[in-house]
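*Asks:* Its first residue numbered 1090, the sequence shown is counted upward by one per residue in my numbering. For glycine and all other residues, C-beta sits at the position ideal for the given N, C-alpha and C. Please read these numbers as outputs of a predicted model, since none were measured by experiment.
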Amino acid sequence: MAKTPEDKLNQKLVKHLFKEQYFTDKRIGRAFINTPRRFFVPDTPLELVYLDQVIPTKYDADKRPISSSSQPAMMAIMLEQLAIEPGMNVLEIGAGTGFNAGLMADLVGSTGHVTTLDIDEDLVRNAYAHLQAAGVRNVTVVQTDGMYGYEANAPYDRIILTVSAADIATAWFDQLKDGGRLLLPLSLNGPQKSIAFEKRGPYLRSYSIQNCGFMTLRGEMANNSTLDIVLSDPAEGEGLRLNIPADVAVDAQQLLEWVTHPAEKWETGVSTTSKEIWSSFSLWLALSESQICHLETAEAWYHHPHIPKLLHFTASNKPMALTFGIIDEGGLALLSNSGSQEMPLHLEISTYGNPAPAQRLLAQVEAWNEAQRPSTEQLHIDAYPHPTQPPPLKDAHILERPFTTFVI
């Protein structure tokens, strides 16, 4: 049978994912071929469907994306982490378009089953329709708060979240078989890591950790520790957002004035790469400081000459930039690149108001550099569901959450 233009685009995407080593298990590549993405984003132009990019599909009242078709590269990475085998029983929290459930349904085969959950009725309805259109039959789609899992189809060999969470719900641990694997984008005070845990009796042990960035879990386990502030100017759209700790009182107009005008620049003397910033320093800072902020720049704001920018990426075929730093009630400090090229990054600190945040940020950059920039490959995390307590450990960072004690 002759290949259609769509077939060629899909195969080109799969070859790209394999070449870049986002997956090594060729069954994952076959799942992408057998389950074309276009069935799950039917209103998206074909030339965008098979790009290796996120496709937002639903927005909230503030125009923030709350559901999407994830970037295929990240989907492939997570499927490799999850190591699904034929015949397995899998639970997914965050149905979205249904695409990931369709891929997993191909991997578990006719003797396995996938249950996928979402909190919104329209997303559940659409995911079911997409799966039916793609000819996928071994998936159950349920509307519910993912915090509670789905007891009716438990226990599960694998549980995966396609939204980030700051904790591990009791139901996820209880509904996972001993020896089973839980994979979630875990928010560690801001930075996210895609962490695959294996259940070992009373606790979970990490065996694979990758960098990631996902929309956050909604419902009863929604993370309310931060606020998104739209630094909006009607003349230039709403593409400038600052995420700050909820307990920091700030003036949005003052913040807009600061970041859109020339800042005082502090050189750090440290050069690095976007990979090191994304996978190493962001986590270092999050585990060392409590007043972390993130600035996202898009739309017309992306080209503004004064707004600090550090990491550049593309979403829905549009350029965006991200940076982060430290904020308090009287000051703001953000990392930026003093060089003319995106690589290497010559770190500088854009300083506004009270210099205390900049002093703290500079101290953390220097400490991270002196510690030889520890990487994700060196990271290991155990998770102990309450009331189980971890054994005494030397030089471990303890992160307490309502349901879990994380030992890092």
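Tell me the DSSP secondary structure of Arg1462 in three-state form.
*Replies:* It is coil, neither helix nor strand.
*Asks:* By alpha-carbon positions, which one of Pro1463, Gln1264 and Val1231 ends up nearest to Ser1368?
*Replies:* Closest option to Ser1368, Cα to Cα, is Pro1463.
*Asks:* Could you give the residue range of the alpha helix (DSSP H) that holds His1105?
*Replies:* Residues Pro1094 to Lys1108.
*Asks:* May I have the straight-line CA-CA distance separating His1393 from Asp1263, to the nearest angstrom?
*Replies:* Their backbone Cα atoms lie some 50 Å apart in a straight line.
*Asks:* Rounded to whole angstroms, how far is the Cβ of Gly1191 from the Cβ of Thr1233, which I believe are closer than 8 Å?
*Replies:* The pair is not a contact, with the Cβ atoms about 20 Å apart (cut-off 8 Å).
*Asks:* Does the ligand ATP have even one heavy atom less than 6 Å from the beta-carbon of Ile1438?
*Replies:* This structure simply doesn't include the ligand ATP, nor any ligand for that matter.
*Asks:* Quick check for students: name the residue ranges of the alpha helix (DSSP H) that lie wholly in the segment 1392-1435, counting only runs of 4 or more.
*Replies:* Listed in chain order, there is nothing to give.
*Asks:* So, for Ile1182: in the same chain, excluding its five sequence neighbours on each side, which residues have a beta-carbon less than 6 Å away from its beta-carbon?
*Replies:* Excluding positions up to five away in sequence, the list reads Leu1206, Gly1235 and Leu1250.
*Asks:* Among the residues of its own chain, which have a CB less than 7 Å from the CB of Arg1127, if the five just before and after it don't count?
*Replies:* Glu1095, Leu1135 and Val1138.
*Asks:* For Gly1235, does the three-state DSSP call read helix, strand or coil?
*Replies:* DSSP places Gly1235 in helix when its eight states are reduced to three.
*Asks:* Sorted by chain position, which residues of the same chain lie with C-beta nearer than 7 Å to Ala1341's C-beta, five sequence neighbours on each side aside?
*Replies:* Hits under 7 Å: Ile1318 and Leu1320.
*Asks:* Tell me the rounded alpha-carbon separation between Val1143 and Leu1306.
*Replies:* Using only the alpha carbons, I get a separation of about 17 Å.
*Asks:* So what does DSSP say about Leu1273, is it helix, strand or coil?
*Replies:* It is a strand residue.
*Asks:* Given this structure, state the Cα-to-Cα distance separating Pro1351 from Glu1418, to the nearest angstrom.
*Replies:* Going from the Cα of Pro1351 to the Cα of Glu1418 covers about 20 Å.
*Asks:* Would you grab the beta carbon distance between Phe1413 and Cys1382 for me? Rounded to a whole angstrom, and I think it's under 8 Å.
*Replies:* Between Cys1382 and Phe1413 the Cβ distance is about 6 Å, and since that is below 8 Å, they are a contact.
*Asks:* Could you pull out every residue in the same chain whose Cβ sits closer than 7 Å to the Cβ of Glu1378, ignoring the five residues on either side in sequence?
*Replies:* These residues qualify, in order along the chain: Ile1415, Arg1449 and Gln1453.
*Asks:* Please state if the CB of Pro1446 and the CB of Ala1422 are separated by a distance shorter than 7 Å.
*Replies:* Yes, Cβ-Cβ distance for Ala1422 and Pro1446 is below 7 Å.
*Asks:* My guess is that Gly1268 and Glu1287 are in contact by the Cβ rule of under 8 Å, so how many angstroms apart are they, rounded?
*Replies:* The pair is a contact, with the Cβ atoms about 7 Å apart (cut-off 8 Å).
*Asks:* Taking the straight line between their C-alpha atoms, what separation do you get for Asp1195 and Ala1120?
*Replies:* Straight-line Cα distance between these residues: approximately 6 Å.
*Asks:* Write down the C-beta distance between Pro1280 and Thr1361 rounded to the nearest angstrom, noting that I regard them as a contact closer than 8 Å.
*Replies:* Incorrect: roughly 15 Å between the Cβ atoms, too far for contact.
*Asks:* In the DSSP assignment, the beta strand (DSSP E) including Asp1317 goes from what residue to what residue?
*Replies:* Thr1315 to Val1319 is the span of the beta strand (DSSP E), which, as asked, contains Asp1317.
*Asks:* For Arg1214 and Pro1154, what's the separation of their Cα atoms in angstroms?
*Replies:* Between Arg1214 and Pro1154, the C-alpha separation is close to 18 Å.
*Asks:* State the start and end residues of the unbroken alpha helix (DSSP H) segment that holds Val1359.
*Replies:* Taken as a continuous stretch (DSSP letters only), Val1359 belongs to no alpha helix (DSSP H), being part of the beta strand (DSSP E) at Glu1353 to Thr1361.
*Asks:* Taking the straight line between their C-alpha atoms, what separation do you get for Ala1172 and Pro1476?
*Replies:* Whole-angstrom Cα-Cα distance: 29 Å.
*Asks:* Between the Cα of Val1179 and those of Ala1241, Thr1465, Pro1481 and Tyr1148, spot the shortest distance and give me the residue it belongs to.
*Replies:* The shortest C-alpha separation from Val1179 is found at Ala1241.
*Asks:* Evaluate Pro1274 with the Cβ neighbour count: other Cβ atoms within 10 Å of its Cβ, from every protein chain shown; 16 or more gives buried, anything less gives exposed.
*Replies:* Buried is the call here.
*Asks:* Please report the straight-line C-alpha distance between Ala1254 and Met1310, rounded to a whole angstrom.
*Replies:* Rounded to the nearest angstrom, the two C-alpha atoms are 8 Å apart.
*Asks:* What three-state label does DSSP hand Ala1184 in the structure shown?
*Replies:* Ala1184 falls in the coil class under three-state DSSP.
*Asks:* Please state if the CB of Ile1470 and the CB of Phe1495 are separated by a distance shorter than 7 Å.
*Replies:* For Phe1495 and Ile1470, yes; Cβs fall inside 7 Å.
*Asks:* Quick check on the burial criterion: 16 or more other C-beta atoms within 10 angstroms. Buried or exposed for Arg1270?
*Replies:* By the 10 Å Cβ count, Arg1270 comes out buried.
*Asks:* Can the beta-carbon of Leu1220 be found closer than 7 Å to that of Val1228?
*Replies:* In contact: Leu1220 and Val1228 (Cβ atoms closer than 7 Å).
*Asks:* If you run the structure through DSSP and keep just helix, strand and coil, what is Ser1371?
*Replies:* Ser1371 falls in the helix class under three-state DSSP.
*Asks:* Assuming the contact rule is C-beta atoms closer than 8 Å, Thr1440 and Glu1385 should be a hit. Round their C-beta distance to whole Å, please.
*Replies:* Going by Cβ atoms, the distance from Thr1440 to Glu1385 rounds to 20 Å, so no, they are not a contact pair.
*Asks:* What is the C-beta distance between Tyr1245 and Ala1472, in whole angstroms, given that I count them as a contact (C-beta under 8 Å)?
*Replies:* Their Cβ separation, rounded to whole angstroms, is 17 Å, which puts Tyr1245 and Ala1472 out of contact at 8 Å.
*Asks:* Just the C-alpha distance for Lys1097 and Asn1406, rounded to the nearest angstrom, thanks.
*Replies:* Computed Cα separation, rounded: 20 Å.
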